[in-house]
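Numbering (this note's numbering), first residue to last: 4 to 233.
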Amino acid sequence: MTLRILLLDDHQMLVEALAARLGTEPDLVVDTRGPSGLETVVAHAVRARPDVVVLEVSPLNDERRELILALRRRLPESHVIALSADEDPRTAGDVAVLGAEGWVSKEADVGELVAMVRAAARGHGWFPPEQLGAALERLRGEARRARRRTGPLDRLTDREREILTAMVRGEAIATLARKLRLSENTVRSHVGNMYAKLGVHSRLEAIAFARSAGLPGEPAARSDLAGAGR
């Protein structure tokens, strides 16, 4: 399966070098976007409809925060990976709450990024062990606050609740589609509606919310959160 990748970074030379390296992978089709305004970048992403967006988040300023939120709103079926030179676990927690499903250090080997891109496209999030604790704690905190505010699990349809329970078990979109005899696009549509009702922006955040709310289901495998794609 060919995966469409969109690279977003203010450093044009880095974008071009990374695109050239990723482009050597037979299953990756790489698009890039250098320094641009928020609306221009989002409009380009909507036209490109990437499977995975790799977004540089150093520094994680207001513009970067707004960009992640806009990408999650406009492209709920796309997966966002944060690329960062900042090793602060609190920053990892911030991007997880915003909706990023993965975190890669700029010091990491490109092969690690390739593995994460493929894992993200399958619906598996990944944060390094040193950032994972902070990310999960922030997600759980947001889930607890959201539950106190709205109690939105009661607003989910039976199908959305079924899909959320399956996500807690670690099942991917393709697996769910086969099991439910639905198209993958239909499942993604249900997932997008579910995210909107729960007030979350990513699979990781939805799983944290479900666990905090006590939704039945076996926990997702740890590899789905901390080691998928390695």
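Cβ atoms here follow ideal geometry from the backbone N, Cα and C, with glycine treated the same way.
What you are looking at is a predicted structure, and each value in this text was computed from that prediction instead of being measured.
Between the CA atoms of residue j and residue i - distance to the nearest angstrom
i	j	result
V107	M119	8 Å
R24	G217	43 Å
R68	E115	24 Å
H204	L101	7 Å
L63	E174	31 Å
M197	R206	10 Å
H193	S81	14 Å
A73	L41	9 Å
P29	V117	11 Å
T35	R50	13 Å
L58	V18	10 Å
D65	A46	19 Å
A177	D54	14 Å
R184	R162	12 Å
L9	P79	15 Å
V56	T5	15 Å
A111	R172	29 Å
A103	R158	25 Å
T160	G195	13 Å
A48	H14	18 Å
L201	S39	31 Å
R77	L167	21 Å
Close-in-space but distant-in-sequence residues of the same chain around residue i (CB under 8 Å, 5 per side omitted)
i	result
R143	A211, R214 and S215
A180	S186, E187, T189 and V190
D89	V60, S61, P62 and L63
K182	A169 and E174
R164	L156 and L218
V113	L21, R24 and L25
With 16 other Cβ atoms within 10 Å as the buried cut-off, status of residue i
i	result
M16	exposed
A209	buried
G126	buried
R75	buried
Same chain, Cβ closer than 6 Å to residue i, five either side skipped, listed in chain order
i	result
L156	A216
A146	A211, F212 and S215
G26	V33
R7	V32, P53 and D54
Q134	P92, A95 and W106
Close-in-space but distant-in-sequence residues of the same chain around residue i (CB under 7 Å, 5 per side omitted)
i	result
V98	V60, L63, I71, A85 and W106
E140	G96
K109	L86, S87 and A88
A137	P92, R93, A95 and G96
V3	No information on residue 3 is available, as it lies outside the stretch 4 to 233 that the chain covers here.
A124	L6, D54, V55 and H82
Cβ of residue i within 8 Å of any chain B Cβ
i	result
G102	Among the protein chains of the structure shown there is no chain B, as only one such chain exists.
So within the segment 20-58, which uninterrupted alpha helix (DSSP H) runs reach at least 4 residues, ignoring any that extend past its ends? 41-51
In chain order, each alpha helix (DSSP H) run of at least 4 residues that lies wholly inside the segment 157-196: 161-171 and 176-183
Suppose only complete runs of 4+ residues qualify. What are the alpha helix (DSSP H) ranges in the segment 93-131, listed by chain order? 113-124
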